[in-house]
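Participant: FYI, the numbering for the sequence shown is 5 to 395, going by my numbering.
First the structure, then my questions, so here it is.
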Amino acid sequence: MRVLFMSTPSPSHFTPMIPLAWALRTAGHDVLVAGQPDVVGPALDAGLPAAEIGDTYDALEAITARLPKGKRPNQAGRAQVTDPGALTLVMPWLMHTRYLMKEYLALAREWGPHLVVSDPMEFSALFIGGMLGVPVVHQRWDIDRSGDEPIRTARALLGARFARLGLRGELPGPSLVLDCCPPSVRRAGPEGSGPPVKSLRYVPYNGVGTVPGVLAEPAPGRVAVSLGGLTADLNGVPLFRTVVDALEGLEDVRPVVTLPARHHAALGPVGAATHVTGPVPLSLFLDSCAAVVHHGGTGTTLTSCLYGLPQLVLPQLGNESVWGACLVDAGLALMLADPAEQDDPAVVRAAARRLLDDERFAVSARKVAQEMASLPSPAALVPELEALCAS
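Laid out in C-alpha cells, this is it:
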C-alpha cells in the first residue's frame with residue numbers, strides 16, 4: 005500500500021501525523037510526505053521520505069506583517085478564535101489551496117497512492133482523492149467542531165477551479181477522521197455532521213533532542229514553561245519574563261523555561277532555582293514535572309495531558325483559547341486569556357499557586373492521561389486503513 009501524507013505548510017499541523025506515518029512504514033507500507041519546505045524539513049528530520057512542492061510559506065512572516073510593533077497577537081486583538089466551529093482558521097488555508105493543486109496532482113499521478121492522509125485544512129488532498137478515486141483520511145491537529153462546513157465552503161469557493169482541473173462531481177469528503185484529542189476534553193461536533201470520527205492515541209513528537217543534564221533527574225516542584233517559539237518571535241519575550249518572575253515568587257517551585265537561544269539574552273537574568281534551556285521535546289522531561297504553563301498549542305497541550313499534568317494556559321493566537329477552555333471544562337487547567345492578566349506577575353503567580361495546591365486539578369489530569377492510554381495506538385489502526393483501501 006502506498007500512502008501519501010499531505011499537510012498545510014505548518015509544522016505543527018504536520019507533526020501529529022508522523023507517528024501514524026511510521027506505523028504504516030513499520031507495517032511494510034510505502035509512505036511519502038508531500039508538501040512545502042515548511043513540512044518537508046520536519047519530515048526528513050523524522051526519517052520519512054518526502055517530495056517538496058512549492059516554496060516556503062513562512063507563517064511567522066505572514067503574521068508579523070500585520071502585527072503592530074511591540075505587540076503580541078492577543079494584545080493587538082488579532083488572531084484569537086473562541087468558537088471551535090468557526091471558519092476563521094480555515095479560510096487562509098482554503099485560499100492557499102489554489103496555488104499548488106496542479107503540482108500536487110502531478111506528483112500524485114506519478115506516484116500512485118492507494119490512500120491519502122492529510123491535515124483537514126489541506127483541501128488539495130480531497131481534490132487528489134477525488135481525481136484518483138482513492139480514500140482520504142483526515143488526522144486532526146486541532147479542537148474541531150466545524151463538521152463538514154469547511155468542505156461545503158471549499159466546494160462553493162473552489163468548485164469551478166476543481167472542475168477546470170478535471171474533477172467530476174463535487175469535492176468528496178474524507179472517508180474517516182482521526183482525532184488524538186481525548187474524548188473527555190474534545191467537545192462533540194454538530195449532531196450528524198461530517199464523516200465518522202475515530203479516536204487515536206496521541207504519540208508525542210515535536211522533533212528530536214537530548215535531555216539537558218539538569219533535567220535528567222526528577223526535582224520536586226518542577227514546573228515547565230513552554231510558551232512556544234512563535235510566541236517569543238511575536239514580541240512575546242516580555243511574557244516569558246512575567247511568567248519567570250511569577251514562578252520565582254513561589255518558594256517551592258523550580259521553573260524550567262524552554263526558549264529559543266536567540267531570545268535568552270532578552271529574557272535577562274533568572275534565579276538559581278530557574279533553568280532556561282533551548283527547545284527540548286517535552287516528552288523528554290515532562291514526566292519529572294508537577295505542572296505546565298503554556299500557550300495552548302496543540303502539541304504542548306496533548307503532551308501535557310498524556311503525562312497527567314495540571315496546566316495553566318496563556319493563549320496567544322489562533323485556537324489556543326479554545327484548547328484552554330476545553331481543558332478548563334475538563335477540570336485539569338486554569339486559563340488566563342486576558343493579556344492584562346497574563347502580563348501581571350501577581351495574577352499569574354496566584355493562578356500557579358492554586359493549580360499546584362488544589363489536588364482536584366491533578367486528579368482530573370491523571371484521569372485524562374488514563375483515558376489517552378486506553379485509546380488505540382497508530383499501529384493498531386493500520387489494519388483499519390488497510391481495510392479502507394481494500395473496500
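Every residue gets a Cβ at the ideal spot worked out from N, C-alpha and C, and that includes glycine.
1) How would you label P259, buried or exposed, when you count the other beta carbons within 10 angstroms and need 16 or more for buried?
2) Assess contact between the region 147-163 and the region 26-41, defined as three or more Cβ pairs (one per stretch) separated by less than 8 Å. Is contact present?
3) DSSP state of A337, grouped into three classes?
4) Please confirm whether F127 and T101 have their CB atoms less than 8 Å apart.
5) Taking the alpha-carbon positions, what's the V248 to K75 distance?
6) In three-state DSSP terms, what is H118?
7) Please state the DSSP three-state secondary structure of G58.
8) What's the gap between the Cα of I67 and the Cα of D146?
9) Determine, for E126, whether the minimum Cβ-Cβ distance to residues of chain C falls below 8 Å.
10) Looking only at C-alpha atoms, which of R144, Q143, R113 and D123 sits nearest to G134?
11) Count the other C-beta atoms from every protein chain shown that fall within 10 angstroms of the C-beta of R226, then say buried if there are 16 or more, exposed otherwise.
12) Can you list, in chain order, the residues of its chain with a C-beta nearer than 6 Å to that of W97? Leave out the 5 residues immediately preceding and following it.
13) Can you tell me whether Q374 is buried or exposed, with buried defined as 16 or more other CB within 10 angstroms of its CB?
14) For V218, I'd like the list of residues in its chain whose CB is within less than 7 Å of its CB, leaving aside the five on either flank, ordered along the chain.
15) Looking only at its own chain, which residues have a Cβ that is under 8 Å from the Cβ of E195, when we skip the five neighbours before and after it?
16) According to the Cβ coordinates, are L8 and P117 closer than 8 Å?
17) Who does D146 pair with in a DSSP beta bridge?
18) With DSSP as the reference, label R6 as helix, strand or coil.
19) What three-state label does DSSP hand R226 in the structure shown?
20) Using only CA atoms, which one of G232, K73 and L64 lies nearest to D42?
21) Let's test the definition: count the other Cβ atoms within 10 Å of the Cβ of P20 and tell me whether it reaches 16, buried, or not, exposed.
22) Are the beta-carbon atoms belonging to V284 and P216 less than 8 Å from one another?
23) Per the contact definition of three or more C-beta pairs closer than 8 Å, is the region 155-171 in contact with the region 136-143?
24) Which residues in the same chain have their Cβ closer than 8 Å to the Cβ of L169, if we skip the five residues on either side of it in sequence?
25) Sort out for me which residues DSSP pairs P262 with in a bridge.
26) Just to check my reading of the structure: V352 and L360 have Cβ atoms closer than 8 Å, yes? What is that Cβ distance to the nearest angstrom?
27) Which one of G32, V274, G282 and A228 has the shortest CA to CA distance from V212?
28) Per DSSP, what kind of secondary structure is H17 in: helix, strand or coil?
Facilitator: In short, the structure shows the following:
1) Translated into positions along the sequence shown, residue 259 becomes position 255. Label assigned to P259: buried.
2) Short answer: they don't touch.
3) Indexing the sequence shown from 1 puts residue 337 at position 333. Of the three classes helix, strand and coil, the one that applies to A337 here is strand, per DSSP.
4) As a working note, residue 127 is residue 123 in the sequence shown. As a working note, residue 101 is residue 97 in the sequence shown. Cβ atoms of F127 and T101: closer than 8 Å.
5) For the purposes of this step, residue 248 is taken as the residue at position 244 of the sequence shown. For the purposes of this step, residue 75 is taken as the residue at position 71 of the sequence shown. So the alpha carbons of these two residues sit roughly 19 Å apart.
6) The count along the sequence shown starts at 1 and reaches residue 118 at position 114. Residue state, collapsed to three classes: coil.
7) The residue you call residue 58 lines up with position 54 of the sequence shown. Of the three classes helix, strand and coil, the one that applies to G58 here is coil, per DSSP.
8) The residue given as residue 67 occupies position 63 in the sequence shown. The residue given as residue 146 occupies position 142 in the sequence shown. Distance between the alpha carbons of I67 and D146 is about 19 Å.
9) No chain C appears in the structure shown, which is made up of a single protein chain.
10) Start at 1 with the first residue of the sequence shown, and residue 134 comes out as number 130. Per the Cα distances, R113.
11) Locating residue 226 in the sequence shown gives position 222, counting from the first residue. Buried: at least 16 other Cβ atoms inside 10 Å.
12) Within the sequence shown, the letter at position 93 stands for residue 97. Within the same chain, W97 has close Cβ partners T12 and M125.
13) Here residue 374 refers to the residue found at position 370 of the sequence shown. Per the 10 Å Cβ criterion, exposed.
14) For the purposes of this step, residue 218 is taken as the residue at position 214 of the sequence shown. Only H279 meet the Cβ criterion.
15) Numbered from 1 along the sequence shown, position 191 holds the residue referred to as residue 195. Confidence in E195 is poor, its pLDDT being 47 and thus under 50, which makes the residue's placement too unreliable to answer from.
16) The residue labelled residue 8 in the question sits at position 4 within the sequence shown. The residue labelled residue 117 in the question sits at position 113 within the sequence shown. Yes; because the gap between Cβ atoms is below 8 Å, this pair is in contact.
17) By one-based count along the sequence shown, residue 146 stands at place 142. Answer is none; D146 lacks a bridge partner.
18) For the purposes of this step, residue 6 is taken as the residue at position 2 of the sequence shown. R6: strand per DSSP, three-state reduction.
19) Counting from 1 along the sequence shown, the entry for residue 226 is found at position 222. Note: R226 maps to strand in three-state DSSP.
20) By one-based count along the sequence shown, residue 42 stands at place 38. Cα-wise, what sits closest to D42 is L64.
21) Locating residue 20 in the sequence shown gives position 16, counting from the first residue. P20 comes out buried.
22) Counting from one through the sequence shown, the residue named residue 284 turns up at place 280. Counting from one through the sequence shown, the residue named residue 216 turns up at place 212. Yes, the Cβ-Cβ distance between V284 and P216 is below 8 Å.
23) no
24) Residue mapping note: residue 169 aligns to position 165 of the sequence shown, counting from 1. Here L169 has M105, K106, L109, F131 and M135 as same chain residues with Cβ atoms under 8 Å from its own Cβ, once five neighbours each way along the sequence are excluded.
25) Against the sequence shown, residue 262 aligns to sequence position 258. In the sequence on display, residue 262 carries Thr and not Pro. T262 is bridged to T281.
26) Translated into the one-based positions of the sequence shown, residue 352 becomes position 348. Translated into the one-based positions of the sequence shown, residue 360 becomes position 356. Actually they are not in contact, since the Cβ atoms of V352 and L360 sit about 13 Å apart, beyond 8 Å.
27) As a position in the sequence shown, residue 212 is number 208, starting the count at 1. Among G32, V274, G282 and A228, the Cα nearest to that of V212 is on G282.
28) Start at 1 with the first residue of the sequence shown, and residue 17 comes out as number 13. Of the three classes helix, strand and coil, the one that applies to H17 here is helix, per DSSP.
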